[in-house]
Every structure is written in structure tokens, then in C-alpha cells.
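Trainee: Pasting a structure here, questions to come.
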Amino acid sequence: MTCDEARQLLHAYIDDELDLPTALQIEAHLPDCPKCQKELEAARAAGRAVAQPAVYYPASSELRDRLKRAIRSEIREIDTPPAFPGFLIGWWKRPMAFSGLAAAMLLIVCSLLFFLPAHASRGQIDELVGSHVRSLEENHLMDVASTDQHTVKPWFAGKLDFSPPVIDLSAEAFPLIGGRLDYLNQQKVAALIYRRNKHLINLFIWPGETTPEVDAKQGFNLIRFECKGMICWAVSDLNAGELQQFADLFKAQKAASTRS
Amino acid sequence: MSLRAETSKFESEVLEHLDAAHNLARWLMKNDQDAQDVVQESCMNALRAFDSFRGGDFRAWFLAIVRNTSFTSLRRRKSSSGPASEQSLEVGAEIAADREVYDPQAIAIRAADAELVRRAIAALPQILRETLVLREMEGLSYKEIGKIAGVPIGTVMSRLARGRMQLQELIVEMDQPDLGKSVQEGIR
């Protein structure tokens, strides 16, 4: 083996990547060639410099923990689908195992959206109460101030892709005082503002199906009901009994107004 | 295998090779924050692609994802210094017979300064840097490195040879900070 040939193969020799006959040829050449020896030692020294632990960048324990949490939360999302209809469980586990992961996550999201109305999440209750409290701050209550349902209802047209039911309940001592555009769950919703004595009621409305539910948080009462294909949430510091009365009246009046 | 078993297998594999992943990302991105972001993104990319992993060497598979994610991130940041400038480095892969060989002793002495070595490695062209990192720090074979970098074994060999030679020069020349800077610029 010539010196030139040997030099081309020195690095592969260092890395133990040569077949045995070639490695032996290098070993036969080295003792006679100080230049190749020097080259070999210089390359090894450079390699050792890189290989020393002091220049290595291990992952911090903080990053390690963060990733552990991220992976676990993914696992939890896939593995505990409480709202999963039983017939679905078979397919997302079996045929594609992991490729089903993305699909499974999508399904969970969908099923969450679907089942959300049945069990309002704490997040949604928080959002509703937060929205109600914000509306009580100055200049935030109403976008349109009117006691006339025929002024309030058209005001929403063009601002929403649905038409919320607007009903005057002043005869029942729940006067309408205005309307507002609000955001819940990253979607535009209608908010109607009613008054009972000195208490204000926010009625949040958006399309969907739901079941009745009653909740309370931070001294506010919340009542959910469905009205003409709309999900309605009434939020107020009014007592639960009167708020329920309001909800019942709203539903009954709406039903009556469509019949007539 | 059940989904839970699959995911916890994934978790233990990722955690086992997290240092390697972070080290590679850190050397490619050259700063801590970007390296951490890349590792996290790679992790999620790997989780999504785990079904395409059919056994075998998880480390090489995972490191390939880290490498791709790093390059994608680097490309996003500056599209100018793309592979075009580095491709030209493949030319002249042959080791010149008349080049200067640095004194092994001098290299070894200077290499005791870990900060100097880090600066020298960082000054290497990207493809040589990643090849050295995978070989010297992770002990990967030429075949594994070739798979990760998507190049033939012969290219891995010549990149390693050039990487080690340029590094010798950088380590020796970088001893004086000012001189080291000019060497860095000369190499780019």
C-alpha cells in the first residue's frame, strides 16, 4: 500500500470501518511512515477533543421533565376517552395502532364538542361568568341599547351568521335593555341583556342542541336551556328561582310567538 | 401491542436518547433555546410518525428526525445559507498529500480547554460538524450516519476526514481569540 492510499483510509481505520485485510495493510504501512503516523495521531487527537464529555450538551432535567409531561398528556388524551362510544373503540386501537393516533385525537375533539352541551366544562362556566362580569364594567354592557326587540334583533343581522331569538319580557318584569356581540369558545355569540329590578341578566345565545343545566359560580347563577335550535345560557346574580322563571318565560314566549 | 404500551415504549425510548437528540440539536442550532424548541418539536413529530418506525434502531430514526427538524428550522430562519454553499465542500474530498499536519501533542494540549474546543466545533461547516458530532459524541457507525444524513458511506468517510482536519487547524489556530476569528471567516 502506498502512503497516499493509506492516507485516504486512515480515518476509516481509526473508526474501525475497514475490512480486516485492508486494516492489516494499513497496520503494515504505519511503522515505516512517520508522516502517516503523525496524521493518524493528529486525527485521533481531534476526535478525542470532540468526544470529551465537557463539550457535550446533555438535555437539561427541565427539558426532560417538560417532554415527559408533553408525551404523557398525549397518552392521556388517547387512552382515556370517557365519552367514546363503545363501537368506536375497536377500530382506533386495532388496525393502524399508532397512525390512528391523530385520528383518535380528532375523534376525541369531535366527541368533546358533541358531548360538551351535556356536561358543561368548568372552562365554559368560567368563560360565561367572566363574560358576564366584564359586561358589567362600564361601557361594556351593550352594543345596542334598546328596549325594543325589533331594534335589537335586526342589529345582530350581518354581525352573526345566525339569528338569535329576541323577546320582550317587560310585561313579566324582565325588561329587555339591549344587545351585545360577545365571544365564547372562540366563536361569536349573541348576548341579550335583561333586567330584573336592579339585577342584570346576560343571555348568551348561539346555535346548537343542548339539555337543561343549572350551575353556580362566584355568586352567579347559570341556567342553560335550548330554544329553537339555539343554546341559551342565562347568567346573573339574580337568585336561582327567579332566573329559572326568566328562562321558562323566555322559552314559553318564544314558543308562543312562533305559533302565532 | 396496546396503544398504551406503544406510547410508553415511545416515551422510554425518547427519554433514553434525549441527550443525544439535544446534543445534536444544540450543535446544529448553536443556541440553547432553539435547541430545546427543536427537540420538543422533533419529539412530537416522532410521536406522530411512530407507526412508520418498524423496529430497528430507534436512536438513528429519532436523530434523523431531530436533524430534519433542525434544518427545517434553520431554513426558516435564513434561507440564504442553504445547502448550496455547503455542497461545494464535497468537491476536493481527497486528502491532499502535501497539506500541513498539525502536531498531535499540540492539539491534545489545547483540547484540554473545552470552551476552545466548543468554539472550534461551532466554527466547522454544518455538514462536517454534524458528522463529527454523530461519530465522536454518539459513536455511530458510518452506515448509521449515512442513513441519518442521507448520504453514501464514502461521503461519511470523507466528511469525517475533512472534519477532523479542519478541526485540528481550528483548535491550533483558535488559541489566540483574534486569530481564531479570522480562521472562522476564512473557512466560511
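Protein chains in written order, with this note's numbering: chain H, 2 to 261; chain W, 11 to 198. Glycine residues also receive a C-beta, built at the ideal position from the N, C-alpha and C atoms.
Check whether the Cβ of W/Val-48 lies closer than 8 Å to any Cβ atom in chain H.
Mentor: So, not an interface residue.
Trainee: If the cut-off is 9 Å on Cβ atoms, which residues from the region 134-156 of chain W count as contacting chain H, listed in chain order?
Mentor: Residues Leu-142, Val-143, Arg-145, Glu-146, Met-147, Gly-149, Ser-151, Tyr-152, Lys-153.
Trainee: Between which two residues does the beta strand (DSSP E) holding H/Gln-188 run?
Mentor: Unbroken beta strand (DSSP E) run through H/Gln-188: 188-197.
Trainee: Give, in chain order, every unbroken run of the alpha helix (DSSP H) that is at least 4 residues long and sits entirely within the region 102-176 of chain W.
Mentor: For the region 102-176 of chain W, whole alpha helix (DSSP H) runs of length 4 or above, ordered along the chain, are 114-121, 124-132, 136-142, 152-159.
Trainee: If you measure from the beta carbon of W/Val-24 to each beta carbon in chain H, is any gap under 8 Å?
Mentor: Yes, because at least one Cβ of chain H sits closer than 8 Å to the Cβ of W/Val-24.
Trainee: Starting from H/Lys-69, find everything on chain W with Cβ-Cβ shorter than 8 Å and list it in chain order.
Mentor: Within 8 Å Cβ-Cβ: Glu-21, Leu-25.
Trainee: Could you tell me which residues DSSP puts in a beta bridge with H/Tyr-184?
Mentor: DSSP lists H/Lys-189 as partners of H/Tyr-184.
Trainee: Taking W/His-32 as part of the alpha helix (DSSP H), name the residues at either end of that continuous run.
Mentor: Element bounds for W/His-32: 28-39.
Trainee: Is the beta carbon of W/Ile-181 less than 8 Å from the beta carbon of H/Ala-55?
Mentor: No, these two residues do not count as a Cβ contact at 8 Å.
Trainee: Please confirm whether H/Asp-16 has its beta-carbon closer than 8 Å to some beta-carbon of chain B.
Mentor: Considering every chain present, this structure includes no chain B. Its protein chains are H and W.
Trainee: When you compare each of H/Cys-228, H/Arg-73, H/Leu-185 to H/Gln-125 by their alpha carbons, which one comes out closest?
Mentor: Ranking the options by Cα distance to H/Gln-125, first place goes to H/Leu-185.
Trainee: Given that a residue counts as buried once 16 or more other Cβ atoms are within 10 Å of its Cβ, and exposed if not, what is W/Gln-176?
Mentor: Answer is buried; the Cβ neighbour count reaches 16.
Trainee: Quick one: does W/Gln-178 have its CB under 8 Å from some CB of chain H?
Mentor: Cβ-Cβ to chain H under 8 Å: yes for W/Gln-178.
Trainee: Express the C-alpha separation of H/Asp-169 and H/Pro-176 in angstroms, rounding to a whole number.
Mentor: For H/Pro-176 and H/Asp-169, the distance between alpha carbons rounds to 7 Å.
Trainee: So the candidates are W/Gln-136, W/Leu-84, W/Ala-56, W/Phe-81; which of them puts its Cα closest to the Cα of H/Leu-68?
Mentor: Among W/Gln-136, W/Leu-84, W/Ala-56, W/Phe-81, the Cα nearest to that of H/Leu-68 belongs to W/Ala-56.
Trainee: Can you name the start and end residues of the beta strand (DSSP E) that H/Glu-214 belongs to?
Mentor: Looking at the DSSP string, the run of the beta strand (DSSP E) that includes H/Glu-214 is 214-218.
Trainee: Among H/Gly-230, H/Gln-188, H/Ala-235, which one has its Cα closest to the Cα of H/Ile-202?
Mentor: Closest option to H/Ile-202, Cα to Cα, is H/Ala-235.
Trainee: Do the CB positions of H/Val-130 and H/Phe-251 come within less than 8 Å of each other?
Mentor: No, these two residues do not count as a Cβ contact at 8 Å.
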